[in-house]
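Take a look at the structure set out below.
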Amino acid sequence: CFALYREAVAYIVDRAKARDKLYCVAINPLKVACAREDPSFAGVLRGAGVHICDGVGVALAVRLLYGRSIQRITGVQLFFDLVAAAESEGLGIFLLGATSQSNDLACRNLLERHPRLRIVGRQDGYFKDAEAVVDAINAAQPDILFVAMGSPKQEHWMAEHRGRLAVPFMMGVGGTFDVISGRAKWAPSFFRKTGTEFLYRICLQPRRLKIVPALCR
Ligand code: UDP
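And the structure:
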């Protein structure tokens, strides 16, 4: 499993250095349900250059439907591994999303853990002028843009603006900045090890159960 993360990180770093433009989406049952309801979102997911299987639900569905076994790569873990790689490779990162406070604290906590990390810019996720944000990102010239605005908003945002964004690699990271800033808890290790973070999140936010009817259709 660690080898898979290393492979994913090496692939992404190579593509970012080559200035290829692509974005990554972490596929989980919530996104599958959303894509079933909304064909434009399905197109956004298909348009991603990197898809990771972020949840046992998706791995199980692939096994049942196609008889194939795929390994999980969680979005949060891939984020941490990419940040470590960005530090050692000298790649610039931009953190877009979450509240201003959470975003600021997440940047500071990341710099504490990775003193040589180049955070070339940051912006909270509650802005009005998307064009100004795109300009600010381009001016900062990041190699990697992490977008933490929740799903499906972050995926739509990446797909809508990718043409104007001069960023080689983008990735939607949901509530990750809140975890780093300490405003939200990472699921306890039992849930992470068993790939059942969704159960933990459903306990905290029962509204997430609303996806069940869409998944059953
Ligand atoms: N968020 C944002 N802009 C918005 C709506 C949400 O930046 O317009 C942020 C919010 O502050 C939180 C994250 O997006 O940090 C959503 O986290 P959540 O865990 O709900 O996302 P998920 O992982 O479920 O997609």
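Under our numbering, the letters of the sequence shown match residues 30 to 246, in that order. Just so you know, even glycine gets a beta-carbon here, dropped at the ideal spot from N, CA and C.
Within its own chain, the residues whose Cβ lies closer than 8 Å to the Cβ of I56, once the five positions on either side in sequence are excluded, are L74, H80, I81, C82, D83, G84, V87, listed in chain order. In this structure Q170 is not in contact with G126, their Cβ atoms being roughly 19 Å apart against a cut-off of 8 Å. Scanning its chain for C-beta atoms nearer than 7 Å, with the 5 sequence neighbours on each side dropped, one finds around F156 the residues V162, in chain order. Non-local C-beta neighbours of S210 in its own chain, meaning closer than 7 Å and more than five positions away in sequence, comprise S131, L134, A135, N138, ordered along the chain. Annotated three-state conformation of L89 is helix, per DSSP.
The beta carbon of A32 sits closer than 7 Å to none of the beta carbons in its chain outside the five residues before and after it.
Scanning the stretch 87-155 for uninterrupted alpha helix (DSSP H) segments of 4 residues or longer gives 104-118, 129-142, listed from N- to C-terminal end. F123 is positioned such that its CB atom lies no closer than 8 Å to that of L51.
Taking the Cα positions, G204 is about 11 Å away from G154. Across the structure, V112 and P181 are spaced so that their CA atoms are roughly 23 Å apart.
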